[in-house]
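Report on the following structure.
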Amino acid sequence: MTDSSRPVPPVAERRPHAFTVHGRTVEDPYAWLKDPDYPEVNDPAILAYLEAENAYFESVMAPHRPLVDRLYEEMKARIKEDDSSVPQKDGDWLYWTAFETGGQYRQWWRRPVAGGPDELLLDEPALAEGKEYFRLGAFAVSNDGRLLAYAIDDSGAERFTIHVKDLTTGALLPDTIPGMLSDIVWTADDSAFLYGLANDQWRTDNARLHRIGTPIEADVELYREADEGYRVSVGETSARNWIVIATGDHNTSEVRLVPAGDPTAAPILIAPRREGREYDVDEHDGTLFIHTNDTDPQFRLCTATLDAPGEWRELVGPNPHFYMTGVECFRDFFVVEGREDGLDRIAIHRYDAPTVAERIDFPEASYTAGLGDNPEYAMDVLRLGYESMVTPGTVYDYDVATRQLTVRKVQEIPSGYDGTRYRTERLKIAARDGTEIPVSIVYPAGFVRDGTEPLYLYAYGAYGHAVPPGFSTGRLSLLDRGFAFAIAHIRGGDDLGQQWYHDGKLEKRTNTFNDFVDVAKGLIDGGWTGKGRIAIAGGSAGGELMGAVANSDPDLWGAVVADVPFVDVLNTMLDAELPLTPGEWPEWGNPIEDTAAFDLIASYSPYDNVRAQAYPPLFVTGGLNDPRVTYWEPAKWTAKLRATKTDDTVLLLKINMGAGHGGKSGRFESLREVAEEHAFVLWQLGVEA
């Protein structure tokens, strides 16, 4: 389809709207796209505009539906339809999940360790039947194996409803709790469980105790958080003798323990909150194991007693080359996880020689690995997960005594997979300030670095979230068409440690955008691709990245995919009534109170920096029920781009009218959305499909 024959896109009305903060006046003619009744969206003009964008999306993509279908069938053929997990022992039972052929959702199963028939605990396909969206949240079997508490969301709004099932009879109990947003933790005697409710601003500011068989009005509030920027969570220690009530934001944490056998007892405060100090806690034989960044952003491990929980003694000190990401206690040893110079590392430590690390070694130079499902305290064989950009997901059992790895399962690809057809490398590319940025790249074995080949570049770069160099069956559809696929481990994530994260947030936020652009230029200089031959993608905060680099360096990109993009940064950070905003100020800054933060955010916020220039082709998504990046952010951005950009390149907006932040639910429906995005990229880069 030529540009002249393309359907005419919708044009959003411009309505005068302006506001002034710190003496700065901001014009926002598309502010009306935010429904004042949100989370209800009933305004006819708003709905009409969103539907018009969806209709335009469908009409423009219509000629490419055969390619979408072909990609979808390729991707689906790489998924084992009747797949199941490796059974894992927890008490008297072996638990696993399984998909039926054609099933979008899992079934949850168990059988007695001593022998007996398989038992279906939860049938997600049956629960999802007739629903446009379905997601299982918390899933917690009681300690005695008799009751199951689980939570479901059927709108994408991430407000879950708890149900309780009697596993001996199969009957649902009358205990139903709507509006939940947390994990579920059973008390020691299984008479009650802890959970947290979302308040009107979609913030979990509480931990509550529900006793089975009592009305929810009688539930006991064990903790309430006063700081609107903090979120409360519930968990348990590895031995399940303590329940953990934690609160915190992106920078600071505070933990309390209550006895699992007496949850209404006075909680033990481990250490009061201190700005910038993060910590989490496990327990072994009365000793607290505290993983914290109190002295170093690489974290260290300390111990304390239950009688003096705030008196921390260093057990394993910080290491400049090792970023300690977590510690888990078992009966006979504890496990320290982290990244050594950016690559995952798992080590066993004995209680009688705690500073000696028994590393679990893996063969590849670049990979991602970590602890899997290890529910029992007295584990002597650990379940691990492993994959790389060329190695499908692999489940290992690691015998702690013999230090032997045993393969329990390798991700099966029914249509076939030959890893020798692909190569992977870990590159380092210098950013403009001299910092070397790691890049994980995978490409076909015959890839020619002559600057003409297409490349797909992905990044996230926020919240200290590292993007692992893992395996993707969907990615193979690009590799088999000649693409290289690269992940830029830019600042803002914690790929190289917490300082790497700090160097891409707040006043250093623009490092994230610069790193991404400089990685792209470095890949061009290295002959991996050429200007305009790069498709880029990111979602949520990674969508903010897409918007920023589309504004700053539009000529580099041949196509841009921005999923649920956080692009209206200034307006969102100025709106303290939005669910996430107060908790986001430590990440982005508070432009309400801080003039410098206002000016900095205004300088890069993608929506506020759209300008009259040529833009690359854009594929933008959103979700009407998304509580994280609200639907009006991609809608406003698209509307402003349409009115401002000087080119005739394709700009598409797809709003899921019945889903939220994660797009459509179900393993195959979500694949179709990936197929659409890949089809768009292939179309725009002119790659033979």
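Residue numbers are given in the numbering used here: position 143 of the sequence shown equals residue 143, and the series is strictly consecutive.
Note that CB positions come from ideal geometry on N, CA and C, so glycine has one too.
In DSSP terms, what residue i is bridged to
i	result
Gln-107	Ala-98 and Asp-123
Lys-409	Val-395
Phe-301	Per the sequence shown, the amino acid found at residue 301 is Leu instead of Phe. Paired residues: His-291 and Val-316.
Gly-91	DSSP lists no partner for Gly-91.
Tyr-230	DSSP, once it has assigned bridges, lists no residue as partnering Tyr-230.
Glu-387	Thr-368
Val-381	Asp-399
Gly-248	Arg-231 and Ser-253
Asp-166	Leu-147
Secondary structure of residue i, DSSP reduced to three states
i	result
Gly-419	helix
Ala-149	strand
Asn-514	helix
Thr-750	In the structure displayed, the chain extends from 1 to 689; residue 750 sits before or after that span and is not available.
Phe-680	helix
Val-141	strand
Glu-278	coil
Asp-555	helix
Trp-585	helix
Gly-547	helix
Tyr-456	strand
Ser-440	strand
Ala-579	The sequence shown places Pro at residue 579, not Ala. If DSSP states are grouped into helix, strand and coil, Pro-579 belongs with coil.
Gln-201	coil
Val-561	strand
Arg-208	strand
Residue i versus residue j: straight-line alpha-carbon distance, rounded
i	j	result
Pro-23	Leu-574	The amino acid occupying residue 23 in the given sequence is Gly; Pro does not appear at that position. If I take the Cα positions, the gap works out to 14 Å.
Glu-340	Val-316	15 Å
Gly-526	His-502	29 Å
Thr-473	Arg-78	6 Å
Ala-239	Ala-246	17 Å
Pro-634	Gly-583	21 Å
Ala-12	Ala-45	10 Å
Asp-166	Tyr-133	26 Å
Ser-603	Ser-552	11 Å
Leu-427	Arg-449	14 Å
Thr-214	Thr-572	40 Å
Pro-297	Ala-62	50 Å
Leu-506	Tyr-463	11 Å
Ile-243	Ser-191	14 Å
Leu-682	Ala-689	7 Å
Thr-391	Glu-669	25 Å
Asn-511	Ala-365	27 Å
Pro-174	Thr-161	13 Å
Val-164	Met-180	13 Å
Gly-229	Gly-145	37 Å
Asn-319	Asp-361	19 Å
His-291	Trp-312	10 Å
Trp-109	Trp-186	20 Å
Asn-241	Val-141	16 Å
Ile-444	Asp-285	Correcting the residue type first, residue 444 is Pro in the shown sequence and not Ile. Taking the straight line joining both Cα atoms gives about 52 Å.
Own chain residues within Cβ distance below 7 Å of residue i, not counting five before or after
i	result
Glu-544	Pro-565, Phe-566, Val-567, Val-569 and Pro-606
Gly-558	Gly-532, Arg-533, Ile-534, Ala-535, Pro-616, Gln-684 and Leu-685
Pro-112	Asp-92 and Trp-93
His-64	Ala-679 and Trp-683
Met-1	With a pLDDT of only 37 at Met-1, under 50, the local geometry of the prediction cannot be trusted, and the value read off the model is given with reservation. Pro-63, listed in sequence order.
Tyr-398	Ile-360, Val-381, Leu-382, Leu-384 and Leu-405
Residues near residue i by beta carbon distance below 8 Å, same chain, minus five either side
i	result
Val-86	Trp-96, Arg-383, Val-395, Arg-408 and Lys-409
Ala-614	Pro-554, Asp-555, Lys-645, Thr-646, Asp-647 and Thr-649
Thr-355	Leu-315, Val-316 and His-349
Gln-498	Asn-293, Pro-297, Gln-298, Phe-299, Tyr-323 and Gly-464
Ala-18	Thr-25, Val-26, Glu-27 and Asp-28
Ala-430	Glu-436, Ile-437, Asp-518 and Gly-522
Thr-204	Leu-181, Ser-182, Gly-196, Leu-197, Ala-198, Arg-231, Val-232 and Ser-233
Other residues of its chain near residue i: CB distance less than 6 Å, five sequence neighbours each side excluded
i	result
Ile-270	Val-255, Val-281 and Pro-309
Gly-539	Asp-563 and Val-564
Pro-454	Phe-483, Arg-533, Leu-685 and Val-687
Asp-69	none
Gln-201	Pro-579
Glu-275	Thr-252
Length-filtered (4 minimum) alpha helix (DSSP H) runs lying within the stretch 592 to 662
595 to 604 and 632 to 644
Uninterrupted alpha helix (DSSP H) stretches inside the stretch 500 to 544 (no shorter than 4 residues)
510 to 525
Complete beta strand (DSSP E) runs within the stretch 324 to 378 (minimum length 3 residues, chain order):
333 to 340, 343 to 350, 353 to 359 and 368 to 371
Which runs of the beta strand (DSSP E) at least 3 residues long sit entirely within the stretch 19 to 60? Give them in chain order.
24 to 27
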